[in-house]
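Presented below is the structure to which this report refers.
Protein chains: 2
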Amino acid sequence: MIVAVVGVGLIGGSVGLAARSRLDATVRGFDPRADEAVARGAIHSAHRDLGDALDGADAVFVAVPVDVLADTVATVLEQAPRSAVVTDVGSTKRTVLGAARDPRFVGGHPLAGSEAAGVEHAREDLFDGATWYLTPTATTQGTLLERLHRLLTGLGARPAIIDADVHDRVMAAVSHLPHVVANVLVSRALDALGGERPPATGPSFRDATRVAGAHPALWGGIYAANRDALADALDGAIAELETVRAQLRDGADLTSWQDQAAIRRRALVEAGLGPGATSELRVAVPNRPGVIADITLTLGRAGINISDMALSPSPDNSQGEIALWVPDGRADEAAALVAGLGFAVIARDDLTRPPISRARMASGGQE
Amino acid sequence: MIVAVVGVGLIGGSVGLAARSRLDATVRGFDPRADEAVARGAIHSAHRDLGDALDGADAVFVAVPVDVLADTVATVLEQAPRSAVVTDVGSTKRTVLGAARDPRFVGGHPLAGSEAAGVEHAREDLFDGATWYLTPTATTQGTLLERLHRLLTGLGARPAIIDADVHDRVMAAVSHLPHVVANVLVSRALDALGGERPPATGPSFRDATRVAGAHPALWGGIYAANRDALADALDGAIAELETVRAQLRDGADLTSWQDQAAIRRRALVEAGLGPGATSELRVAVPNRPGVIADITLTLGRAGINISDMALSPSPDNSQGEIALWVPDGRADEAAALVAGLGFAVIARDDLTRPPISRARMASGGQE
Numbered sequence: 123m124i125v126a127v128v129g130v131g132l133i134g135g136s137v138g139l140a141a142r143s144r145l146d147a148t149v150r151g152f153d154p155r156a157d158e159a160v161a162r163g164a165i166h167s168a169h170r171d172l173g174d175a176l177d178g179a180d181a182v183f184v185a186v187p188v189d190v191l192a193d194t195v196a197t198v199l200e201q202a203p204r205s206a207v208v209t210d211v212g213s214t215k216r217t218v219l220g221a222a223r224d225p226r227f228v229g230g231h232p233l234a235g236s237e238a239a240g241v242e243h244a245r246e247d248l249f250d251g252a253t254w255y256l257t258p259t260a261t262t263q264g265t266l267l268e269r270l271h272r273l274l275t276g277l278g279a280r281p282a283i284i285d286a287d288v289h290d291r292v293m294a295a296v297s298h299l300p301h302v303v304a305n306v307l308v309s310r311a312l313d314a315l316g317g318e319r320p321p322a323t324g325p326s327f328r329d330a331t332r333v334a335g336a337h338p339a340l341w342g343g344i345y346a347a348n349r350d351a352l353a354d355a356l357d358g359a360i361a362e363l364e365t366v367r368a369q370l371r372d373g374a375d376l377t378s379w380q381d382q383a384a385i386r387r388r389a390l391v392e393a394g395l396g397p398g399a400t401s402e403l404r405v406a407v408p409n410r411p412g413v414i415a416d417i418t419l420t421l422g423r424a425g426i427n428i429s430d431m432a433l434s435p436s437p438d439n440s441q442g443e444i445a446l447w448v449p450d451g452r453a454d455e456a457a458a459l460v461a462g463l464g465f466a467v468i469a470r471d472d473l474t475r476p477p478i479s480r481a482r483m484a485s486g487g488q489e
Numbered sequence: 123m124i125v126a127v128v129g130v131g132l133i134g135g136s137v138g139l140a141a142r143s144r145l146d147a148t149v150r151g152f153d154p155r156a157d158e159a160v161a162r163g164a165i166h167s168a169h170r171d172l173g174d175a176l177d178g179a180d181a182v183f184v185a186v187p188v189d190v191l192a193d194t195v196a197t198v199l200e201q202a203p204r205s206a207v208v209t210d211v212g213s214t215k216r217t218v219l220g221a222a223r224d225p226r227f228v229g230g231h232p233l234a235g236s237e238a239a240g241v242e243h244a245r246e247d248l249f250d251g252a253t254w255y256l257t258p259t260a261t262t263q264g265t266l267l268e269r270l271h272r273l274l275t276g277l278g279a280r281p282a283i284i285d286a287d288v289h290d291r292v293m294a295a296v297s298h299l300p301h302v303v304a305n306v307l308v309s310r311a312l313d314a315l316g317g318e319r320p321p322a323t324g325p326s327f328r329d330a331t332r333v334a335g336a337h338p339a340l341w342g343g344i345y346a347a348n349r350d351a352l353a354d355a356l357d358g359a360i361a362e363l364e365t366v367r368a369q370l371r372d373g374a375d376l377t378s379w380q381d382q383a384a385i386r387r388r389a390l391v392e393a394g395l396g397p398g399a400t401s402e403l404r405v406a407v408p409n410r411p412g413v414i415a416d417i418t419l420t421l422g423r424a425g426i427n428i429s430d431m432a433l434s435p436s437p438d439n440s441q442g443e444i445a446l447w448v449p450d451g452r453a454d455e456a457a458a459l460v461a462g463l464g465f466a467v468i469a470r471d472d473l474t475r476p477p478i479s480r481a482r483m484a485s486g487g488q489e
């Protein structure tokens, strides 16, 4: 398998290291600092010409800063092979909405490694256990989505398929809003202290403000890239804070509100637990764009995680079969959802067993 | 030295353990569960009669829940010896403002151990390195404030003298507001996720929401006890979040705001560093109520930490001398502030040396 990495920094370099060592892939790099990436073993070869880097690639990762992302993705799609899957690693997906009309493109976002930048911090294990969001659309080609999904699993990540708008809304809530709030907490604390020495607090204030002021150039760009969803998240947060303030001034008791927060936190923690035992679900699908995205997005929307998938086209390529591995406890629901989309569920195997061997991919990606 | 502990839970029990083992004090307890505290070694004796527990005490710690705190402090002050210093450990100081008119009373608040309750979690080292706020007033007797300050240092804490109102404002900002915000972040995340599975995020969201929904009964009471200062803190936070939201919707760049947050966080971290080398400052003071509180509050207001102090009355008790240990780099400023209050600075010793031996206190508290 040939992997091209456009932009070989922390993320691109880590993709290269993991693809080489875990998937035995040939990795090509396109970056002003590609020579350094070669020296570090993150890529096999450095290319000055984008076309050379992309020639014959099975998968292309665009891992450039958010301000040049949309343009770079467009250029890559012009020059990439027709059979290549192209993805990006930007932290918001509306940035690359334009590219999403190309059947070869799948927006991506690994939740890993924003704290240190540069290929010098790249690590083979950067994505181990990390959620890697994928945002296919109705035009996405199913075989390419499946190839990328399995490639990411091979890198150690947990791919999760999600609608691009939902992705941006979720990231606003679980990442961008907490960063904004950390900044505000620091500012409020300094204001309250006046000249007083800050107390030797326990870990709670330190934890709540650990990311305050993180990487200003990077985070300025992230806030801007997701400004609509973040402003909406602020609407919700401000409204809730106003309610709490009104209750305090009315002399109301906030114990039951604190109780609700405990219940909500438990729900989040429990929902975030690992997938555990999985069941295989096999589905007959017509071989046309959008089908795989449709199925996987429907399951994603229901909170059903797909830990692995495998697509087998029929000999005449008109028809195919997709195997999906979903959590044991959600298999019935997943089967019903897929059937509801009009696809035939061929078989279900509730026995817990490992996903299909990844030897196929590691041996060269002939899928 | 005899220490009485009224309410022998996590905090009271830890005071007992540390006072016994580090200061060789005799510790008496008054609590429905005092027998268990005796069994755990937190106190020497359990008393059913409050007067018995307080009889002959040099220092009294009132460590009962916030809803009965004001009443308990009032009762203790009625029955405590005239020579005893009485303090509480409540998380807001406006709760005990009524008691603050008694020259024996000094409001207190150790920033330690709110996470687990009960004498079964009491530890001798609970206060090691923790800030322990003290809120003396103009009526507080200086010798008693000094006794308490040194006692707390002996327990392992870092006493910090602060105005009661400032205390409540600071606690709203560094503790109560972060708890409110953690609840709101959890609520916003669940709302954004809808049915989606939460991502395997890095530590930032987990850290920011670790305290969400913590101990509802306890925190309901804490919010209520500091409702005015917390509502004011919410005013500030909401205003700042509204500004950020407006900038996002206007298409403004938030990089410089993120930069400011980085600078603010650094200022907080640097201000919170340990005291390092200290200088001794000796000041002649008239022996009347309020003088010590006046000096120590003035230094506290300027952010100058007093790591230790010692008060030596003149033989006729009309005059005295107080020695204060302050950070090396702030000694000139501290001397100027004290002189500005009209007191004579007798001597300054810039040599770094350990504070006065605590043997005096450990040998029985004859001060």
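Keeping their order, the protein sequence lines are chains A and B.
For any residue, its number in my numbering is found by taking its place in the first sequence, counting from 1, and adding 122.
For any residue, its number in my numbering is found by taking its place in the second sequence, counting from 1, and adding 122.
No residue lacks a Cβ here, since even glycine has one placed at the ideal position from N, Cα and C.
Since we're looking at a predicted model, the values are computed, not measured.
DSSP links Val184/A through a beta bridge to Val128/A, Asp210/A. In the three-state reduction of the DSSP assignment, Glu402/B falls in the strand class, which pools E and B.
Thr377/A is the residue among Asp372/A, Glu362/A, Asp354/A, Thr377/A whose C-alpha sits nearest the C-alpha of Gly343/B. With fewer than 16 other Cβ atoms from the protein chains shown falling within 10 Å of its own Cβ, Pro154/A counts as exposed. A Cβ-Cβ contact shorter than 8 Å links Leu277/A with Ala140/A. In the DSSP annotation of this structure, the continuous segment of the alpha helix (DSSP H) that includes Glu364/A starts and ends at 349-371. For the region 416-445 of chain B, the set of residues with a beta-carbon nearer than 8 Å to any beta-carbon of chain A comprises Gly422, Arg423, Ala424, Gly425, Ile426, Asn427, in chain order. Arg452/A is positioned such that its CB atom lies no closer than 8 Å to that of Asp285/A.
For the 8 Å CB-CB criterion, Arg367/A and Leu299/B do not form a contact. In the pairwise beta carbon analysis, the region 404-421 of chain A is classified as touching the region 280-295 of chain A: at least three pairs are separated by under 8 Å. With respect to the C-alpha of Thr275/B, the residue from Ser429/B, Ala461/B, Ala156/B, Asp450/B having the closest C-alpha is Ser429/B.
DSSP, reduced to helix, strand and coil, places Glu246/B outside both helices and strands of the structure shown, so it counts as coil. For Ser213/A, no CB of chain B lies under 8 Å from its own CB, so it is not counted at the interface with that chain. Take Val130/A, set aside five residues on each side of it, and the residues of its chain with a beta-carbon closer than 7 Å to its own are Gly138, Gly151, Asp153, Arg155, Ala156, Ala159, Ala164, Ile165, Val241, in chain order. In this structure, the alpha-carbon of Asp177/A lies about 7 Å from that of Pro203/A.
With its beta carbon less than 8 Å from one in chain B, Gly358/A belongs to the interface. Bridge partners of Glu443/A according to DSSP: Ala406/A, Ser434/A.
Going by DSSP, Ala282/A is part of the beta strand (DSSP E) stretching over 280-283. The CB of Arg371/B comes closer than 7 Å to the CB of Ala353 in chain A, given here in chain order.
For Gly422/A, the enclosing alpha helix (DSSP H) covers residues 413-423. Bridge partners of Pro232/A according to DSSP: Trp254/A.
Around the Cβ of Ile468/B, a 10 Å sphere holds fewer than 16 other Cβ atoms; the residue is exposed. Taking the Cβ atoms as the reference, Thr217/A lies roughly 5 Å from Ala347/A, within the contact range of under 8 Å. For the region 375-395 of chain A, the set of positions with a beta-carbon nearer than 9 Å to some beta-carbon of chain B reads Asp375, Leu376, Thr377, Ser378, Trp379, Gln380, Asp381, Gln382, Ala383, Ala384, Ile385, Arg386, Arg387, Arg388, Ala389, Leu390, Val391, Ala393, Gly394 in chain order.
For Pro300/A, the neighbours in chain B by C-beta distance under 7 Å run, in chain order, Leu307, Ser326, Phe327, Ala330. By the neighbour-count definition (other C-beta atoms within 10 Å, threshold 16), Ala260/B is an exposed residue. Here DSSP, grouped into helix, strand and coil, assigns Ile344/A to helix.
The beta carbons of Leu370/A and Ala294/A sit no closer together than 8 Å. Every beta strand (DSSP E) of 3 residues or more that sits fully in the region 128-171 of chain A is shown, in chain order, as 148-152. Around Ala282/B, the beta-carbon contacts reaching into chain A at under 9 Å are Glu318, Arg319, Pro321, Ala322. Excluding five sequence positions before and after Val333/B, the CB atoms of its chain that fall closer than 8 Å to its own CB belong to Pro300, His301, Ala304, given in chain order. Residue pairing by DSSP places Val448/B opposite Ser401/B in a beta bridge.
Per DSSP, the beta bridge partners of Ala466/A are Ala406/A. At a cut-off of 8 Å between beta carbons, Pro338/B contacts chain A.
With contact defined as three or more Cβ pairs closer than 8 Å, the region 309-321 of chain A and the region 313-330 of chain B are not in contact.
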